[in-house]
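Number of protein chains: 2
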Amino acid sequence: MSTVDGTRLKANLLEMARIGATPAGGVTRPALTDEDKACRDLFARWAREAGLSVRVDDLGSIYARLEGTDPTLAPLLLGSHLDSVPLGGKFDGPLGVLSALEVVRTMVDRRERPRRSVEIVDFTNEEGARFEPAMLASGVLAGHFMPEDVLARRDRGGLVFGDELSRIGYRGEVANRPGAIHAYLELHIEQGPVLEAEDIPIAAVDGILGIKWFEVTLRGQAQHAGPSPMRTRRDAMVAAARIVHGLRGLMLEYPDPVVGNVGRLRAVPGVMGMIPGEVVIGANVRHPTSEGLAEVGRRFEELVARVAAEERVEATIDLLWHVEPTHFESSLVGLIADEIAARGVPVRRMTAGAGHDAKYVAELAPTAMIFVRTVGGMSHVETEAIHWEDATLAADVLYGVVRKLTDA
Amino acid sequence: MSTVDGTRLKANLLEMARIGATPAGGVTRPALTDEDKACRDLFARWAREAGLSVRVDDLGSIYARLEGTDPTLAPLLLGSHLDSVPLGGKFDGPLGVLSALEVVRTMVDRRERPRRSVEIVDFTNEEGARFEPAMLASGVLAGHFMPEDVLARRDRGGLVFGDELSRIGYRGEVANRPGAIHAYLELHIEQGPVLEAEDIPIAAVDGILGIKWFEVTLRGQAQHAGPSPMRTRRDAMVAAARIVHGLRGLMLEYPDPVVGNVGRLRAVPGVMGMIPGEVVIGANVRHPTSEGLAEVGRRFEELVARVAAEERVEATIDLLWHVEPTHFESSLVGLIADEIAARGVPVRRMTAGAGHDAKYVAELAPTAMIFVRTVGGMSHVETEAIHWEDATLAADVLYGVVRKLTDA
Numbered sequence: 358m359s360t361v362d363g364t365r366l367k368a369n370l371l372e373m374a375r376i377g378a379t380p381a382g383g384v385t386r387p388a389l390t391d392e393d394k395a396c397r398d399l400f401a402r403w404a405r406e407a408g409l410s411v412r413v414d415d416l417g418s419i420y421a422r423l424e425g426t427d428p429t430l431a432p433l434l435l436g437s438h439l440d441s442v443p444l445g446g447k448f449d450g451p452l453g454v455l456s457a458l459e460v461v462r463t464m465v466d467r468r469e470r471p472r473r474s475v476e477i478v479d480f481t482n483e484e485g486a487r488f489e490p491a492m493l494a495s496g497v498l499a500g501h502f503m504p505e506d507v508l509a510r511r512d513r514g515g516l517v518f519g520d521e522l523s524r525i526g527y528r529g530e531v532a533n534r535p536g537a538i539h540a541y542l543e544l545h546i547e548q549g550p551v552l553e554a555e556d557i558p559i560a561a562v563d564g565i566l567g568i569k570w571f572e573v574t575l576r577g578q579a580q581h582a583g584p585s586p587m588r589t590r591r592d593a594m595v596a597a598a599r600i601v602h603g604l605r606g607l608m609l610e611y612p613d614p615v616v617g618n619v620g621r622l623r624a625v626p627g628v629m630g631m632i633p634g635e636v637v638i639g640a641n642v643r644h645p646t647s648e649g650l651a652e653v654g655r656r657f658e659e660l661v662a663r664v665a666a667e668e669r670v671e672a673t674i675d676l677l678w679h680v681e682p683t684h685f686e687s688s689l690v691g692l693i694a695d696e697i698a699a700r701g702v703p704v705r706r707m708t709a710g711a712g713h714d715a716k717y718v719a720e721l722a723p724t725a726m727i728f729v730r731t732v733g734g735m736s737h738v739e740t741e742a743i744h745w746e747d748a749t750l751a752a753d754v755l756y757g758v759v760r761k762l763t764d765a
Numbered sequence: 358m359s360t361v362d363g364t365r366l367k368a369n370l371l372e373m374a375r376i377g378a379t380p381a382g383g384v385t386r387p388a389l390t391d392e393d394k395a396c397r398d399l400f401a402r403w404a405r406e407a408g409l410s411v412r413v414d415d416l417g418s419i420y421a422r423l424e425g426t427d428p429t430l431a432p433l434l435l436g437s438h439l440d441s442v443p444l445g446g447k448f449d450g451p452l453g454v455l456s457a458l459e460v461v462r463t464m465v466d467r468r469e470r471p472r473r474s475v476e477i478v479d480f481t482n483e484e485g486a487r488f489e490p491a492m493l494a495s496g497v498l499a500g501h502f503m504p505e506d507v508l509a510r511r512d513r514g515g516l517v518f519g520d521e522l523s524r525i526g527y528r529g530e531v532a533n534r535p536g537a538i539h540a541y542l543e544l545h546i547e548q549g550p551v552l553e554a555e556d557i558p559i560a561a562v563d564g565i566l567g568i569k570w571f572e573v574t575l576r577g578q579a580q581h582a583g584p585s586p587m588r589t590r591r592d593a594m595v596a597a598a599r600i601v602h603g604l605r606g607l608m609l610e611y612p613d614p615v616v617g618n619v620g621r622l623r624a625v626p627g628v629m630g631m632i633p634g635e636v637v638i639g640a641n642v643r644h645p646t647s648e649g650l651a652e653v654g655r656r657f658e659e660l661v662a663r664v665a666a667e668e669r670v671e672a673t674i675d676l677l678w679h680v681e682p683t684h685f686e687s688s689l690v691g692l693i694a695d696e697i698a699a700r701g702v703p704v705r706r707m708t709a710g711a712g713h714d715a716k717y718v719a720e721l722a723p724t725a726m727i728f729v730r731t732v733g734g735m736s737h738v739e740t741e742a743i744h745w746e747d748a749t750l751a752a753d754v755l756y757g758v759v760r761k762l763t764d765a
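The listed protein sequences correspond, in order, to chains A and B.
Here this note's numbering is used: the first residue of the first sequence is 358, the next is one more, and so on.
Here this note's numbering is used: the first residue of the second sequence is 358, the next is one more, and so on.
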């Protein structure tokens, strides 16, 4: 039996999913579109109806606050995001915001007055699908982006972030940003297949994998495919293929959650009857520790050098992006684990593979996440799905953690 | 000592190379452009100045005829093409047409009156760089394309083949097509590195490799690259990579000139942070015999099936194109070899890897080719180059063969 109302949470999720709904059951709600505005309006209305005060900061992030009895205590922040990728799913983001709302409503319904204030946040532009890169608003809070740069950013159609923010009525005040934050908790779908494979409904997330993005350019010799004997070729495509396969083999030497793959490949000239003279691949490797990330990065570079020498092609490696691993606050992760165990559910700790606003907020305050099993491990697709009972359980665990953090 | 005038041949090649010249030493002369017209005009003027009669057929191919003494004999056809790919070289095509012109001029200068007429042909649109596919005019002669379809074909800018032919003044009469052809000889650059590697100037070409073009579509599971454990992935890019590398290994089991490679690869979605759910590759295999071509095709399909099963992806294979090997007339190849040997040069026979008009003409008449060593094996590039003494030797061999075929 849960304290939170799973039926209300489900109803709210389904009502919000009608905004920007797509025929195949997903949603299209990129940041600062009319659909994003409609979600924001709905969330703000529900929050006010629950007695919360609502404010908007200069980047458009919305904070809905339940006032605690002790105004000297820094608030507890709960949240996620309401924007989506085009043809995305109805849970990636809203599950975290609306679970937090359900937790606070439960407290209000039960007339629990916490000592510490609780704020529910909808971070603007988490997905980065319209304005790149992802997690712009939380990135500003953590000092990774300058707010004036973000406000001047344009989408592919040339529309400006700040103008769109004003247009939808969500350009607020810089003074409305959060001050000191006691802790941040984000509930999110797993977006991977691990929990489903292990038949476990939810997990306590202990951090986020560090990432290296490499772009590797391989230069061989472009030639007619017909008159060039196999043994004289310097085939950039073969070199690229060996690196793609070699990277997979390298990653298989490590335990989960260490991963790496090649997501894109461009061949020049890239036509049937030619041996490509140049191939450019985009490879990413991820590891939960800083030392491990450095090691897999170094071993990938060694792989490239070895294959390039054997195939007699020139290789250049550019490190496009490097993000150190994030380690969440262990006491918070432990608190989540305790609440899971208290509900008779196996405790699974895991490390997130994808980025979340929690990554940036973790630089400002103790942070942790709760993951919900995702059907087929699929997200960013219209058929993204969860089990309703898992959502109820996760929200109930969040409720338990919030109670402990707001009364301590 | 050669009978033909290598100095004149070189001067003619360099004069023609000024038409559509590019800064890096190449030419841009796609079919039916103003540059193609200027080349045609120059060739026709030179031919008339040598006393030849010039006619143009309905596809714009030009025939310059030296009349033999016996009008009952079918003419000997010599030639190649004057069009080029964009940013191509100055020898691919013109070397064959202008070597034939040099041979005929030598006969005229020496007051040799052959019994059999000799015709020099410039086939329209050999490259297929402007109007696809390649070898359109010779393909019409061999019945592979309908002339009305060719005349209606459009380039990427929407301009129509027949209109462009009229515009440049080269839309002739269907009656001007060749009738019975005694034999066809085409002199061309090798476009590969074999002769250079073996330090041999020219070769007698005994045929053209058969070709199979495959398009392979691999469907796995598109997923976020971060949260998907290595062991659960169905990574279409890894499957494609194994096929690219596996095809190379398969081809290495065969002796030259058997070849095969993957020239293009497209990943969907093809972005850094995703495991591609679909990868489409274009593979080609080539073999000099029909049985061999069938075998390498079958083994490639087995490779795809094995990799797909191991990587748990779905594979579909489309055979986009299939061309049986061409076997040139062995007596003609032998005649070329004899003339090479008579000049104290090692006799190298080889099979062409790329297509030529000779492929289609071989279906109409006994055919053979002479290849000229290509610097670095490079063609379809501005830096395409030959050694002038090789060109003189090749033209002199052609002269020797022509004398035997026209007086026999």
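Beta carbons: idealized from backbone N, C-alpha and C, even for Gly.
Since the structure is predicted, the reported quantities are computational estimates derived from the model, not experimental observations.
Check: Given a cut-off of 8 angstroms, decide if B/H501 and A/S736 are closer than it, judged by their beta-carbon atoms.; Outcome: no
Check: For a contact meaning CB atoms closer than 8 angstroms, what does B/A624 contact in chain A?; Outcome: G620, R621, L622
Check: Nearest by alpha-carbon distance to A/Y527: which of A/V551, A/I538, A/T481 is it?; Outcome: A/T481
Check: Starting from A/K447, trace the beta strand (DSSP E) in both directions and tell me its first and last residue.; Outcome: From DSSP, A/K447 is part of no beta strand (DSSP E); its letter is neither H nor E.
Check: How many whole angstroms separate the CB atoms of B/R623 and B/V636, which I take to be in contact at a CB cut-off of 8 angstroms?; Outcome: 7 angstroms
Check: Between the Cα of B/T360 and the Cα atoms of B/K716, B/A715, B/R700, B/G712, which residue gives the shortest distance?; Outcome: B/R700
Check: Answer yes or no: does any C-beta atom of chain A fall closer than 8 angstroms to that of B/H602?; Outcome: yes
Check: Using the Cβ count rule (16 or more neighbours within 10 Å means buried), how would you classify B/M373?; Outcome: buried
Check: Quick one: measure Cβ to Cβ for B/R462 and A/V595, integer angstroms, because I've assumed they're closer than 8 angstroms.; Outcome: B/R462 to A/V595, Cβ: 47 angstroms. No contact.
Check: Name the residue from B/R591, B/V497, B/S585, B/D613 whose alpha carbon lies nearest to the alpha carbon of A/P584.; Outcome: B/D613
Check: Should A/T740 be counted as a contact of the ligand SAH given a C-beta to heavy atom distance under 7 angstroms?; Outcome: No copy of the ligand SAH appears in this structure; indeed no ligand is present at all.
Check: Suppose you measure from the CA of A/E530 to the CA of A/D391; what does that come to, to the nearest Å?; Outcome: 21 angstroms
Check: Might you give, ordered along the chain, the residues of its own chain that have their beta carbon closer than 8 angstroms to the beta carbon of A/V754, omitting 5 neighbours on each side?; Outcome: I559, I693, E696, I697, R700, I727
Check: Between which two residues does the beta strand (DSSP E) harbouring A/T574 extend?; Outcome: 567-576
Check: If you draw a straight line from the C-alpha of A/F400 to the C-alpha of A/V664, how long is it?; Outcome: 53 angstroms
Check: Is A/M503 buried or exposed, if buried means 16 or more other CB atoms sit within 10 Å of its CB?; Outcome: exposed
Check: Would you decide whether B/E741 is buried or exposed? Buried here means 16 or more other CB atoms lie within 10 Å of its CB.; Outcome: buried
Check: If we call anything under 8 angstroms between Cβ atoms a contact, is B/L544 one with B/L452?; Outcome: yes
Check: For B/A378, which residues of its own chain have a beta-carbon under 7 angstroms away from its beta-carbon, when the five flanking residues on both sides are left out?; Outcome: V384
Check: Please list, in chain order, the chain B residues whose beta carbon lies closer than 7 angstroms to that of A/V595.; Outcome: V601, H602, R605
Check: Starting from the Cα of A/K716, find the closest Cα among A/R705, A/V601, A/A499 and give me that residue.; Outcome: A/A499
Check: Compile a chain-ordered list of the residues in the region 365-385 of chain A whose CB is closer than 7 angstroms to at least one CB of chain B.; Outcome: none
Check: Starting from A/R422 and walking both ways along the beta strand (DSSP E), at which residues does that stretch end?; Outcome: 419-423
Check: For B/G736, go through chain A and note every residue whose CB falls closer than 7 angstroms to its CB, in chain order.; Outcome: What sits at residue 736 of chain B in the sequence shown is Ser, not Gly. Result: H581.
Check: Residues of the region 540-562 of chain A in Cβ contact with chain B at a cutoff of 8 angstroms, in chain order, please.; Outcome: E547, Q548, G549, P550, V551, A554
Check: Which two residues bound the contiguous alpha helix (DSSP H) that contains B/S495?; Outcome: 493-498
Check: Buried or exposed, going by whether 16 or more other CB atoms sit within 10 Å of the CB of B/G549?; Outcome: buried
Check: If you draw a straight line from the C-alpha of B/I568 to the C-alpha of B/P490, how long is it?; Outcome: 15 angstroms
Check: Would you call the region 703-711 of chain A and the region 518-525 of chain A touching, i.e. three or more CB-CB distances under 8 angstroms?; Outcome: no
Check: Report all residues from its chain with a CB closer than 6 angstroms to the CB of B/L435; omit the five preceding and five following residues, and keep chain order.; Outcome: A457, I477, L542
Check: Candidates B/D414, B/L508, B/M587: which alpha carbon is nearest B/P535's?; Outcome: B/D414
Check: Here's a check: name, in chain order, each residue in its chain whose Cβ is nearer than 6 angstroms to the Cβ of A/P703, leaving out the five neighbours to either side.; Outcome: I557
Check: If A/F488 sits next to A/R510, beta carbons under 8 angstroms apart, how far is it from one beta carbon to the other, in whole angstroms?; Outcome: 5 angstroms
Check: Between which two residues does the alpha helix (DSSP H) containing A/R817 stretch?; Outcome: Look at the range of chain A in this structure, 358 to 765, and you will see that residue 817 of chain A is not part of it.
Check: Under a three-way DSSP split, which group does B/Y717 fall into?; Outcome: helix
Check: Determine the chain A residues that contact B/I632 at a beta-carbon separation under 8 angstroms, and present them in chain order.; Outcome: N618, G620
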